[in-house]
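Have a look at the structure below, then the notes.
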Amino acid sequence: MNKRKKILTEEELLNDATEHYMSEAQLFFFKNKLEILAKELLDNAGETTEHLRKTSLVPDPADRATLEEEYSLELRTRDRERKLLKKVKEAISRIENGEYGYCLETGEEIGLERLLARPTATLSLEAQKRRELRQKQFGDNKE
1 MNKRKKILTE EELLNDATEH YMSEAQLFFF KNKLEILAKE LLDNAGETTE HLRKTSLVPD
61 PADRATLEEE YSLELRTRDR ERKLLKKVKE AISRIENGEY GYCLETGEEI GLERLLARPT
121 ATLSLEAQKR RELRQKQFGD NKE
């Protein structure tokens with residue numbers, strides 16, 4: 001029998017008891033959220049590829065420059081999305097390994113609110129602040 005799991009709503013997730021942190025239902029919620037995000041990112045990449053493939057020659061230099069600038073912006077956006085897709089896949093892997101939702105530096109809970117805002121988060125808010133302070137003070141770009 002193919003039994004479908006019920007996906008929590010954000011409200012249900014936030015109202016869940018704290019002792020249920022990263023329960024099966026919560027992990028299922030975040031995995032679903034990440035898989036939807038991954039699909040959107042892949043769809044965007046496909047649309048960009050198709051859009052660039054349909055390029056026609058534009059004889060006017062000003063129009064051509066505008067078009068090239070638009071393509072450049074679109075490619076930069078896709079590059080950021082490619083990097084985000086890598087983080088999404090890593091987050092899904094952490095769910096499957098039982099490591100999702102816990103800070104990679106301290107082992108503390110990252111928190112549901114933070115994960116809702118940034119489901120690819122790997123650091124607690126405090127650890128992230130410390131990292132940003134180090135980066136600001138020492139120019140340390142460790143990711």
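Just so you know, we're using our numbering here: the sequence shown kicks off at 1 and counts up by one.
Glycine included, each C-beta is placed from N, C-alpha and C at the ideal position.
Ranges of the alpha helix (DSSP H) found wholly within the region 2-26, counting only runs of at least 4: As far as the region 2-26 is concerned, its whole alpha helix (DSSP H) runs of at least 4 residues are 10-15.
Environment of ILE7 [buried if 16+ CB atoms lie within 10 Å]: exposed
Cβ pair count under 8 Å reaching 3, the region 30-38 against the region 104-124: yes
Bridge-paired residues (DSSP) for GLU109: TYR102
Counted within 10 angstroms of its Cβ, other Cβ atoms place PRO119 as buried (16 or more) or exposed: buried
Residues near ARG194 by beta carbon distance below 8 Å, same chain, minus five either side: Coverage of the chain is limited to positions 1 through 143, which leaves residue 194 absent and any answer about it impossible.
Burial state of SER124 (16 or more Cβ within 10 Å): buried
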